[in-house]
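*Asks:* Quick one: this structure, given as structure tokens, is what I'll be asking you about.
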Amino acid sequence: MAKVSTQKKSNSNTVNASTMFDKFEIWAEKNGKKLFYGFLSLTLFFSLALFNVRFSEANDDSGYIEAAWKYVNDFPNFYFTFNAPLYPMFLAVVYKVFGFNILLFKLTNVVLYFFSVFIFWKTLYKRVPFIILIPVMLFISINYLMMYFASMTFVEAFYLFLQSVLFFVMAKFFDRPTDKPIKDELKYWVLIGLLCLLISISKNIAIVIVPSIIFVFLLQKDWKRAGLAALSYGVFRLIYEITVRSVFGSVNQFSNQGNMLLLKDPYDKSLGNDDFSGFVGRFFDNSNLYLSKRFFQIIGFRDENSVEVYGFLAFLLMVAILVGSIMYLRQKSTFLKFITVYSVGTMLTSFIVLQARWDQPRLVLIYMPVLFLILYNLFYTSVKKSSMGQLIYVSVVGIICLSITLSTVKRASINIPIAKKNLSGNIYEGYTPDWQNFLKCSRWCKDSLPESALVVSRKAPMSFIYAKGKRFFPIYSVIKKDSLTQQSNPDSVLAYFKANHVTHIMLASLRLDPQKNTGNFINTIHNIAYPILNKYPDKLTLIHTEGLSEQAYLFKINY
């Protein structure tokens, strides 16, 4: 990469118009404003073309909505600990001000993502060569998965917005002359401490942000600012923890998820916690999943339903990321060092602490913009002195951009007709029959059961959304498990349900393979209900069946 200082510098001052790259830099600088508005226009267009009115079967997005509802209606007796708590708090504020409007929640995320793109450009403009920046901007402006999460109520759009604001503030901070008195930096330390807090309570793994900033200052042998980074975060964290405990009592954002992450299987506590070798295994498993499968699916090089992983491909990409990171760490730009340490450090930490069974593209998606900066810079630096190398760079990056564009256009053409039907009132369009029956049965519970009825649901937040705010009793793993049958003990379960005022059980046929009906389904609730039916047939009465195939069944519990 061309040398950059900690001060923003016009690219045209450092190039001669003699090569393809040089000419491109001059052209891009002259047309910077047009490019900026072009990327914003693409972001807006594709975020609307890929606007998703439905909720994900993954359950987390509807879980955040349900948590927001509880923050408002159960305050102060509810504090979200399943994941980091800030995003549902934010949604709760939107709910309190504008009412419980699902479409508004989604549009709010679109706005947040739009401004994350806006700020990302403002941050990187003239800090990296345009030949690198423009394909990265194209990725975040049109990539179908980025656009998907822009309209879903997962935390990703919210997180990317906060992250872009932090990047902008850190870039401005590092632009400052280092010989200025520290007292003149007070406003920056306030912003840095506050943003670090907000990011760390929007994603648990983002706690890595604080040691990342400290590490970068230590690299510069700037001991005072390393200490100030810790102090600024510590002050805001202390204020936050005191406030939370005074309002919600003794709660901890890491308690629920932290305990779950220690388990070998988050759905089976009986297997116990992972040991050191287990976490090492997670790192290699996740590296294979996310670097040889998900990464290439995101850029359109692999089918999104493919399941094969290739260890050698993951190894090559990991080596490229590490070499590219080292190159950025050798740059004079402290800002580029920071975003490298933070993004790669957070990604690697995710690979170590998360169970490989999650395998969701969103877990690596938030790092992709910086990963592309690292990889493109490595490629660019390797070939920039050769005319043939420059041609190869343009060809390869062009193919990647074309693949991303075609993948997005393809998905937009599929999404638009579905979104139109959803917006016109057909809220189940786009779901497979198993999910349609489950959601319709959830709605039937709202319309046909007493308000006091409490129904067991395998996807309680999804039931909550489609039942217009009716509460369900969540079950995510087999409870009161018998060590011999691996199913629930019927007497223990009935006692447990009675103590929790559960009145009904919903048995859905949610597919194990989302793409086709193989006859195999998620049988968690079935392994709880079947032992009851076998031992006490009169304890469960079938009162409703939804659908002609892949049905959802609703049973009343007779205590």
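For the sequence shown, this note's numbering begins at 138 and goes up steadily by one. Backbone N, C-alpha and C fix where the C-beta goes; we use that ideal spot for every residue, glycine too.
Count the other CB atoms, across all protein chains shown, that sit within 10 Å of the CB of Gln623; report buried if there are 16 or more and exposed otherwise.
*Replies:* Result: exposed.
*Asks:* Out of Met289, Cys538, Met599, Leu485, which has the shortest C-alpha to C-alpha gap to Lys437?
*Replies:* Sequence check: residue 437 is Gly here, not Lys. Here the closest residue by C-alpha is Cys538.
*Asks:* For His681, report the span of its beta strand (DSSP E) as first-last.
*Replies:* Counting along the chain, the beta strand (DSSP E) containing His681 begins and ends at 677-683.
*Asks:* In chain order, which alpha helix (DSSP H) runs of at least 4 residues are fully inside the stretch 505-591?
*Replies:* Those alpha helix (DSSP H) runs which fall completely within the stretch 505-591 and span 4+ residues are 505-520, 524-560, 570-585.
*Asks:* So, for Lys146: in the same chain, excluding its five sequence neighbours on each side, which residues have a beta-carbon less than 7 angstroms away from its beta-carbon?
*Replies:* Confidence at Lys146 is low in this model, with a pLDDT of 42, below 50, so its placement is unreliable and the value that follows should be read with caution. Cβ within range, chain order: Lys263.
*Asks:* Taking the continuous alpha helix (DSSP H) assigned at Met484, which residues delimit it?
*Replies:* Where Met484 is concerned, the enclosing alpha helix (DSSP H) stretches over 471-490.
*Asks:* If we ignore side chains and look at the alpha-carbon of each, how far apart do Ala154 and Pro403 end up?
*Replies:* Model confidence at Ala154 stands at a pLDDT of 45, short of 50, so the residue's coordinates are unreliable; what they give is reported in the following sentence. Cα-Cα distance, rounded: 58 angstroms.
*Asks:* Ignore the nearest five residues each way along the sequence and tell me which others in Val552's own chain have a CB closer than 8 angstroms to its CB.
*Replies:* It is worth fixing the name first, because residue 552 is Asn in this sequence and not Val. Correct list, in chain order: Ala186, Leu187, Phe188, Asn189.
*Asks:* Within 10 Å of its beta-carbon, does Arg494 have 16 or more other beta-carbons around it, so buried, or fewer, so exposed?
*Replies:* Counting Cβ neighbours within 10 Å, Arg494 comes out exposed, since fewer than 16 surround it.
*Asks:* Looking at the unbroken beta strand (DSSP E) that takes in Lys693, where does it start and where does it end?
*Replies:* Segment 689-694, the beta strand (DSSP E) holding Lys693.
*Asks:* Between which residues of its own chain and Thr678 is the CB-CB distance below 7 angstroms, once the five residues before and five after are set aside?
*Replies:* Phe692, Lys693, Asn695.
*Asks:* List, from N- to C-terminal side, the beta strand (DSSP E) runs of 3 residues or more that fit wholly inside the stretch 647-672.
*Replies:* Whole beta strand (DSSP E) segments, 3+ residues: zero.
*Asks:* With 16 other CB atoms within 10 Å as the buried threshold, where does Lys233 fall?
*Replies:* Exposed is the call here.
*Asks:* Going by the beta-carbon positions, is the gap between Ile642 and Ile662 smaller than 8 angstroms?
*Replies:* Yes; because the gap between Cβ atoms is below 8 angstroms, this pair is in contact.
*Asks:* From Asn246 to Tyr296, what distance separates their C-alpha atoms?
*Replies:* Going by the C-alpha atoms only, they are around 10 angstroms apart.
*Asks:* Using 8 angstroms as the threshold, is the C-beta distance between Tyr325 and Phe310 below it?
*Replies:* For Tyr325 and Phe310, yes; Cβs fall inside 8 angstroms.
*Asks:* Thinking Ile338 and Pro222 are a contact (beta carbons under 8 angstroms), I'd like their distance in whole angstroms, please.
*Replies:* Sure, about 6 angstroms apart at Cβ, within 8 angstroms.
*Asks:* How many Å lie between Gly236 and Ser288 at the Cα?
*Replies:* If you take the alpha carbons of Gly236 and Ser288, they lie about 18 angstroms apart.
*Asks:* Going by the beta-carbon positions, is the gap between Pro570 and Leu282 smaller than 8 angstroms?
*Replies:* No.
*Asks:* Measuring alpha carbon to alpha carbon, tell me which of Ser414, Thr156, Ile277 ends up nearest Gln492.
*Replies:* Of Ser414, Thr156, Ile277, the residue nearest in Cα terms is Ser414.
*Asks:* In the DSSP assignment, what are the bridge partners of Val643?
*Replies:* Inspection of the sequence shows that residue 643 is occupied by Met rather than by Val. Note: Met643 sits in a beta bridge opposite Leu691.
*Asks:* Can you grab the Cα-Cα spacing for the pair Lys259 / Val520, in whole Å?
*Replies:* Roughly 27 angstroms separates the two Cα atoms.
*Asks:* Leaving aside the five residues before and after Ala556 along the sequence, list all residues of the same chain whose C-beta is less than 6 angstroms from its C-beta, in chain order.
*Replies:* If we look at Ala556 and ignore the five residues flanking it on each side, its Cβ neighbours are Phe188, Val190.
*Asks:* Going straight from the alpha carbon of Asp118 to that of Asn168, what length do you get?
*Replies:* No information on residue 118 is available, as it lies outside the stretch 138 to 696 that the chain covers here.
*Asks:* Around the C-beta of Gly461, are 16 or more other C-beta atoms found within 10 angstroms, so that it is buried, or is it exposed?
*Replies:* Burial call: buried.
*Asks:* In chain order, which continuous runs of the alpha helix (DSSP H) of length 4 or greater are located wholly inside the stretch 407-479?
*Replies:* List check, alpha helix (DSSP H) in window: 413-424, 432-435, 448-466.
*Asks:* Could you check the C-alpha separation between Gln468 and Asn514 for me, to the nearest Å?
*Replies:* Distance between the alpha carbons of Gln468 and Asn514 is about 11 angstroms.
*Asks:* Taking Phe609 as part of the beta strand (DSSP E), name the residues at either end of that continuous run.
*Replies:* Looking at the DSSP string, the run of the beta strand (DSSP E) that includes Phe609 is 609-611.
*Asks:* Quick one: residues in its chain with C-beta nearer than 8 angstroms to the C-beta of Leu332, no 5 flanking neighbours on either side, listed in chain order?
*Replies:* Excluding sequence neighbours, Leu332 sits near Leu299, Val302, Leu303, Val306.
*Asks:* Do Gly684 and Asn574 have their beta-carbon atoms positioned less than 8 angstroms apart in this structure?
*Replies:* It is a contact, given that the beta carbons lie within the stated cut-off.
*Asks:* Rounded C-beta distance between Leu356 and Lys474? I'm assuming under 8 angstroms.
*Replies:* So it is a contact: roughly 7 angstroms between Cβ atoms.
*Asks:* Should Thr315 go down as buried or exposed, given a rule of 16 or more other Cβ atoms within 10 Å for buried?
*Replies:* Result: exposed.
*Asks:* State the DSSP-derived secondary structure class of Arg243, mapped to helix, strand or coil.
*Replies:* In the sequence on display, residue 243 carries Lys and not Arg. The answer is helix: DSSP assigns Lys243 an H, G or I state.
*Asks:* Lys618 by DSSP, collapsed to three states: which one?
*Replies:* Three-state result, Lys618: strand.
*Asks:* Could you tell me which residues DSSP puts in a beta bridge with Leu400?
*Replies:* For Leu400, which the question treats as bridged, DSSP gives the partners Asn410.
*Asks:* Thinking C-alpha only, which one of Tyr201, Pro651, Val209, Val254 is nearest Pro506?
*Replies:* Nearest of Tyr201, Pro651, Val209, Val254 to Pro506, Cα basis: Val254.
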